[in-house]
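Protein chains in written order, with this note's numbering: chain F, 82 to 432; chain H, 82 to 432; chain V, 3 to 271; chain A, 3 to 271; chain X, 1376 to 1597.
A virtual CB, placed ideally from N, CA and C, is assigned to each residue, including glycine.
Notes to accompany the following structure.
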Ligand SMILES: Nc1ncnc2c1ncn2[C@@H]1O[C@H](COP(=O)(O)OP(=O)(O)OP(=O)(O)O)[C@@H](O)[C@H]1O
Ligand SMILES: Nc1ncnc2c1ncn2[C@@H]1O[C@H](COP(=O)(O)OP(=O)(O)OP(=O)(O)O)[C@@H](O)[C@H]1O
Ligand SMILES: [Mg+2]
Ligand SMILES: [Mg+2]
């Protein structure tokens, strides 16, 4: 069952204009800055918000078609939905929340509870079955909400930041969990997340929504290879420099970058550089790198085995070093620094 | 102003028992699995939940002391609090929400609005000032909640997963933002997060809360060097193996691991291995590595420039490879595989 | 995680609250102190007040049930749809609360009485006369008391969070199920309050009842009517009757509460 | 993000809702059709009903204001504190709704009359007599009508989400400020509904008023009392008076609504 | 009661018109006195007086209530200032041809409304049927005599027993007089509760002026 979505609608002052397909059993991750319209897109797909001009279909079922006026009721769409806030039914205990879906879809009381218990075990929340929602922790509530969505054996999974409150131990399991849940029905899944690891691991493809429009859709590798917007580059931890290409030189106006071999035409282009490909130096370095420029350290984020250094002039660049590497050059925030990168580390795509 | 927290209380069926200090201007990050009691701890510090037996003091102010019966009212504690759910006041627009704190603390109407506008600019939500909370996106609401907490010039910042709904572009700025906000007052900050990068970058120290108890407190580097629990190891992307040490061999019962040189005594010990130090092979490898064992691939998480492979037998191990590395050995989920690691890559600490 | 340590109510509200309690308690104490308790035995053995009491309890409960059956849908339509005449309908509801009860009775007669707009048709074509029947008692109580349910519930429905209903729909719940399992439980406090108000207003109702339904012992003579008439000859007896009514009302209330409390109160565990 | 496409109300509720509307509308239509509209001019120029009207409007508004001043604290105390006698107090509130109004008037006389438990003290020591004054009208209305506010508000307060109040406290708001800026706005729907119910009950109140406050023209003669007297001699005039009352009530309601609507309704933008 | 410049007259609601006419007369005779008339059911007035209301005059439509007040306050007997008679209330023009009490007791096609026996009009109605040697099965027992008239006026009842004064001057009902042999006389007692001015008001009721006002309003004179 392929999900086909074509939506054109206004959200408040903004405009949402999306056209995408999710194949049978495919998991599409949607990423994008806050307020891009991700939640609004999901709600339109589900039928909770208007879908405006366009068409939404899952397999042979047409859920919405502005041309024919078709519009399937929300409750008939069989979507496993996890909203951005868990929104458990406050007057029911956790088990009854999860059993609500099967029960609403015609299963008997005992059967619904068995299905629910099963889903709760999958999410490791079966010990919370008798609990009222307002006594659950944030992560517990989110797991119960996921269990509830999976318990209806959905034809489509729609998850709005389903891992935002989960601890790290729970996240790696999510991919397997979603696969298992939708394996029988081969239901497609649409998953919104802000987490780069989730984006790369939960989905088969990633769609980037920015200001109500899809700016790029592809596999993680495709996006990493040729990010089209700074947001994608930032998400994937890649430096992206837009400029005008002339032969092997990309010029931003303030800055010129020698790029690696390529076969694209002169004109607007996007160069990408991995943060770890860039070296920093206290003084102007000698040697092979063809790109050398002077800059200033804007910020330093220290990690356990990685330090991320941010430079803003003359272009925004992040550099990843080892803690030892940073100690070696001994710079701090605000200090002047030299950066270098080999031309062969700079890949270029037409912009 | 140092924050001193000693709390012993029951939460539902669980028990919270915490003793910690946060120095002037220090940012303490609290991490821990879901339901560990993080939110409960924060609520006790703030005074929204009972603090039970113990003492809470900020500098010279004693907020709670079960010995003397002292108990400062919530509103007198001047805590900048961002709850796990944004909890904006539904009947006020975003600006009025942010201005609510200054206004409650005696500032005039115009002054409060100016302070609020300022805080909103800092969080890049000034364009939302006239909006009702129920029209905000998840990330927008969270930013407004952060702005609201910062607008009161807090003596203590308490943030419960403040970045969970923020896009990646907004996260790196949080550290600077919190520093700036508390710079004048040198207020300490207590920040709960599930995000490893946030944990390592937002805080000066990390406290690990598990099942209501602090299992480890230290800097990111200290935790990475000697994680005390599997949770910490998982958080920092490190393999942790508990066992009994005899000379250079750590034995788990099912598995023996030759470790690197060390000077700790025989007995219970914890070995750590970085995921990238482990190699995988299709067949039994020849050569120098002293640790070679056969296992099976449980799962594979593919990232842009990293693939994480999980093995469960005979010990839980994660291995990081490059995509190319994985293609080279050509294994999939469920396949048999050989793992090897040099003894010098295995560090050991007494358990 | 919702129980807070300290009562978050400002201390000083205790002063007006105590005044409010006094306002209610003093007259009741006055009444109790004036009651000729020695006559209680004779009152209880007298069959007349007993049949009035039974009629009052039964009709007021029937009224409450019908008020729920009609008032809940009405409140829903008013709160949740964009009905054109919304404001007018709500105004008409308020209006029947504002009418002096006797005039309400006259209004009912002019609609459903023998010569009333509708009553005439019923009488001519079906031979059905509504006044002077227990049904008339119920209708009179409904007209006067049902608005209390509608107004209370409408406001609660209007401000209730819609997100849980949305989730229920995605889980496959059809509109009726959403209504029964999500919407109404989420306003159960208001539903309970509205039902209690309606019932209390109904069991205390006198003017509209006697005007529309008349006063026939055993058929339409409710306890308030019995009390009113007793007041004409034997005020002590009237006081006793009122206290009887109050006592029975409390008993009914408590009985219903104990049965429905898990469903009707918004108490947290 | 809360406006949904389709009305989520099951279609079929329109049937009972329509029945409910008919129940309210028909009697009013009956009343309007019976009214001797030709007498309207003389009624309007007559000063007696005008002074009764003014008294009714003023006292009912004063009653509502006092009911808010006392009832809001009372509801808060009942909903938010662990007062030992909670249940009893709530029962006493319900009780004054159950009493037939005339008996309520007798109860008030026995408490606050010149020979009453408290009234005697007031009379002896302060020379203060309450009955037969406009204050007595207000007290009678309060006794009968205030419970509607208390019950409505108590249930809303009990089920209101406490998280916003907690946040307000962390932001430095003291209890009074939390109450005024968070708690009450979060139950503004119930507050509005309760106030309307109280006011409607007060302006339509007759039995307790005439018994406790008497029926002195210009002092305690309210519009319902005026209507009662008109019923003795000229039912058409009584109907007109009632419709006048209804019209004025609607006007007051709409006027208040327009002024307070942003504060009182729970409407979403 | 203090008299002074205010005179509180507690009068049965059915005397509203009479009191309305008397008030200016008394005030004209006593320019410094303000007459305040409190109109309600006799039983309500009695309850108010017994609860300490400062009534100067109590004019009751019910002898029972007057007795309750007299006994409660230990006052001498009251004087009768007016009388009234029962009348059969019927629809305008008497379309059903009701001619006497016998019709009310015996015709099955009639819906009959009487006041409840607890209130005076009901008591007198019973007495009337007693005298006529009839028993009646009314459809409803109204809380007061006004209820009887209202119900007939609205067409809900075909006949009822009310006072002559209730029917006088109304276009929506007609009165059928009772036969002469049914001699039920309704007496209205009045009492000056405790003031000199009150006694003067009672005197006015008995004066020529007072009697003509009573007569003009349909009341009989003792
Ligand atoms: N009223 C209650 N009754 C029973 N258990 C409760 C209650 N309140 C909290 N708990 C339990 O206490 C534990 C700690 O909850 P808390 O919210 O502090 O966790 P947390 O560390 O913040 O988790 P998360 O990361 O999921 O937000 C949870 O297991 C929760 O279910
Ligand atoms: N009723 C409304 N009125 C005005 N603006 C609205 C309304 N509803 C949504 N918006 C705006 O539409 C935009 C998209 O909102 P949406 O919730 O879809 O964003 P999102 O991509 O899910 O963001 P986040 O990552 O923060 O959750 C936001 O700017 C939001 O403020
Ligand atoms: Mg969103
Ligand atoms: Mg938490």
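_Nonlocal neighbours in the same chain, by C-beta distance under 8 Å from residue 414(F), ignoring five residues either side_ = To locate residue 414(F), count along the first chain from 1; it is residue 333. Excluding sequence neighbours, residue 414(F) sits near 378, 379, 380, 381.
Closer than 7 Å at the beta carbon, the chain A residues around residue 1422(X): Here the question's residue 1422(X) lines up with position 47 in the fifth chain. Under the 7 Å cutoff, chain A gives 108, 111, 213.
Q) In chain H, what lies closer than 7 Å to residue 166(F) by C-beta? A) Residue mapping note: residue 166(F) aligns to position 85 of the first chain, counting from 1. Those are 166, listed as they occur along chain H.
Exercise for review: Please confirm whether residue 147(A) and residue 224(A) have their CB atoms less than 8 Å apart.
Suggested key: Along the fourth chain, read from residue 1 onward, the residue named residue 147(A) stands at position 145. Along the fourth chain, read from residue 1 onward, the residue named residue 224(A) stands at position 222. It is not a contact, given that the beta carbons lie outside the stated cut-off.
Separation of residue 1581(X) from residue 1587(X), as counted between CA atoms: Here residue 1587(X) refers to the residue found at position 212 when the fifth chain is read from its first residue. Here residue 1581(X) refers to the residue found at position 206 when the fifth chain is read from its first residue. Cα-Cα distance, rounded: 10 Å.
Discussion item. Which residues of the segment 221-250 of chain F have a Cβ closer than 9 Å to any Cβ of chain H? Give them in chain order.
Written reply: 221, 223, 224, 241, 242, 244, 245, 246, 247, 248, 249, 250
**Report entry** Segment contact, 8 Å Cβ cut-off, at least three pairs: the segment 268-283 of chain F with the segment 188-198 of chain F
**Finding:** no
Host alpha helix (DSSP H) of residue 65(V) (start-end) = The residue you call residue 65(V) lines up with position 63 of the third chain. Taken as a continuous stretch (DSSP letters only), the alpha helix (DSSP H) holding residue 65(V) covers 49-82.
Worksheet item: Start and end of the alpha helix (DSSP H) containing residue 199(H)?
Response: Along the second chain, one-based indexing puts residue 199(H) at 118. Where residue 199(H) is concerned, the enclosing alpha helix (DSSP H) stretches over 190-203.
Task: Unbroken alpha helix (DSSP H) run spanning residue 1481(X), endpoints - done: Mapped onto the fifth chain, residue 1481(X) falls at position 106. Run containing residue 1481(X): 1476-1481, per the alpha helix (DSSP H) assignment.
Query raised in the report: Is residue 1456(X) closer than 8 Å to residue 1597(X) when the C-beta atoms are compared?
Result: Here residue 1597(X) refers to the residue found at position 222 of the fifth chain. Here residue 1456(X) refers to the residue found at position 81 of the fifth chain. Contact flag set, yes.
State the start and end residues of the unbroken alpha helix (DSSP H) segment that holds residue 136(A). By one-based count along the fourth chain, residue 136(A) stands at place 134. 136-161 is the extent of the alpha helix (DSSP H) around residue 136(A).
Closer than 8 Å to chain V by CB, residue 161(A):
Taking the fourth chain and counting its residues from 1, one reaches residue 161(A) at position 159. Closer than 8 Å to some Cβ of chain V, the Cβ of residue 161(A) qualifies, so yes.
Please report the distance separating the alpha-carbon of residue 268(V) from that of residue 184(V). Stepping through the third chain from its first residue, residue 268(V) is reached at position 266. Stepping through the third chain from its first residue, residue 184(V) is reached at position 182. With a pLDDT of 36 at residue 268(V), under the threshold of 50, the modelled position of that residue is not reliable, and no figure is offered here.
Check your understanding: Taking a cut-off of 7 Å, which residues have a beta-carbon closer than that to any heavy atom of ligand 3, in chain order?
Key -> 119(F), 120(F), 165(F), 241(F), 242(F), 273(F), 218(H), 219(H), 220(H)
Along the segment 163-174 of chain A, what residues have a CB closer than 8 Å to any CB found in chain H? 165, 166, 168, 169, 170, 171, 172, 173, 174
Should residue 118(H) and residue 97(H) be called a contact, given that it needs their Cβ atoms to be closer than 8 Å?
The sequence position of residue 118(H) within the second chain is 37, counting from 1. The sequence position of residue 97(H) within the second chain is 16, counting from 1. Yes, Cβ-Cβ distance for residue 118(H) and residue 97(H) is below 8 Å.
Q: Determine, using beta carbons only, whether residue 1493(X) comes closer than 8 Å to chain V.
A: In the fifth chain, residue 1493(X) corresponds to position 118, counting from 1. By this cut-off, residue 1493(X) is an interface position.
- Message: Contact criterion: CB-CB distance below 8 Å. Does residue 185(F) meet it with respect to chain V?
- Response: If you number the first chain from 1, residue 185(F) lands on position 104. With 8 Å as the cut-off, residue 185(F) counts as an interface residue toward chain V.
- Query: Could you give the distance in angstroms between the alpha-carbon of residue 441(H) and the alpha-carbon of residue 355(H)?
  - Reply: The requested residue 441(H) is not part of the displayed model; chain H covers only 82 to 432.
Item to check | residue 431(H), buried or exposed, once every other Cβ within 10 Å from all chains shown has been counted against 16 | outcome: To locate residue 431(H), count along the second chain from 1; it is residue 350. It is exposed - the Cβ of residue 431(H) has fewer than 16 other Cβ atoms within 10 Å.
Original post:
In terms of residues, what are the limits of the alpha helix (DSSP H) holding residue 177(V)?
Top reply: By 1-based counting over the third chain, the position of residue 177(V) is 175. First-last of the alpha helix (DSSP H) with residue 177(V): 177-180.
Open item on the list: Please confirm whether residue 244(V) has its beta-carbon closer than 8 Å to some beta-carbon of chain A.
Closed with: Walking along the third chain from the start, residue 244(V) turns up at place 242. For residue 244(V), the answer is yes, since a Cβ of chain A falls inside 8 Å of its Cβ.
| query | Looking at the unbroken alpha helix (DSSP H) that takes in residue 1564(X), where does it start and where does it end? | reply | Indexing the fifth chain from 1 puts residue 1564(X) at position 189. Premise fails: residue 1564(X) lies in the beta strand (DSSP E), 1560-1567, not in any alpha helix (DSSP H).
* Along chain H, in chain order, which residues have C-beta atoms closer than 7 Å to that of residue 315(F)? -> Residue 315(F) sits at position 234 when you count from the first residue of the first chain. Residues of chain H passing the Cβ test: 249, 250.
request  = Taking only beta carbons into account, state which residues of the segment 1505-1517 of chain X come closer than 9 Å to chain V, listed in chain order.
outcome  = 1513, 1514, 1515, 1516, 1517
**Item:** Pairwise C-alpha distance: residue 257(V) and residue 92(A)
**Value:** Sequence index remark: in the fourth chain, residue 92(A) carries index 90 (1-based). Sequence index remark: in the third chain, residue 257(V) carries index 255 (1-based). Roughly 15 Å between the two C-alpha positions.
ask   = Can you list the alpha helix (DSSP H) stretches of 4 or more residues lying completely in the segment 1405-1475 of chain X, in chain order?
value = 1417-1425, 1438-1448
Exercise for the section: Could you tell me whether the segment 155-168 of chain H touches the segment 170-180 of chain A, where touching means 3 or more Cβ pairs closer than 8 Å? Expected result: yes
### Message
Helix, strand or coil for residue 388(F)? Go by DSSP, reduced to three states.
### Response
Position 307 of the first chain, counted from the start, is the residue given in the question as residue 388(F). Three-state result, residue 388(F): strand.
Open item on the list: Looking only at its chain, what residues have a beta carbon closer than 8 Å to the beta carbon of residue 411(H), apart from the 5 residues adjacent to it on each side?
Closed with: As a position in the second chain, residue 411(H) is number 330, starting the count at 1. These residues qualify, in order along the chain: 363.
With hydrogens ignored, establish whether the beta-carbon of residue 244(H) is closer than 7 Å to any heavy atom of ligand 2.
Within the second chain, residue 244(H) is the residue found at index 163, counting from 1. Outside the cutoff, so no.
- Query: Looking at the C-beta of residue 170(F), does it have a partner C-beta in chain V at a distance below 8 Å?
  - Reply: Numbered from its first residue, the first chain carries residue 170(F) at position 89. True, the Cβ-Cβ gap to chain V drops below 8 Å.
query: Using 8 Å as the limit for Cβ to Cβ distance, is residue 88(F) near chain V?
result: Taking the first residue of the first chain as 1, we reach residue 88(F) at position 7. Output row for residue 88(F): interface = no.
(message) Give me the DSSP bridge partner(s) of residue 130(F).
(response) For this step, residue 130(F) is matched to residue 49 along the first chain. None, per the DSSP bridge assignment.
Point to revise | Nearest residue (CA-CA) to residue 37(A), options 250(A), 255(A), 246(A), 253(A) | key: Position 35 of the fourth chain, counted from the first residue, corresponds to residue 37(A). Checking every option, the nearest Cα to that of residue 37(A) belongs to 246(A).
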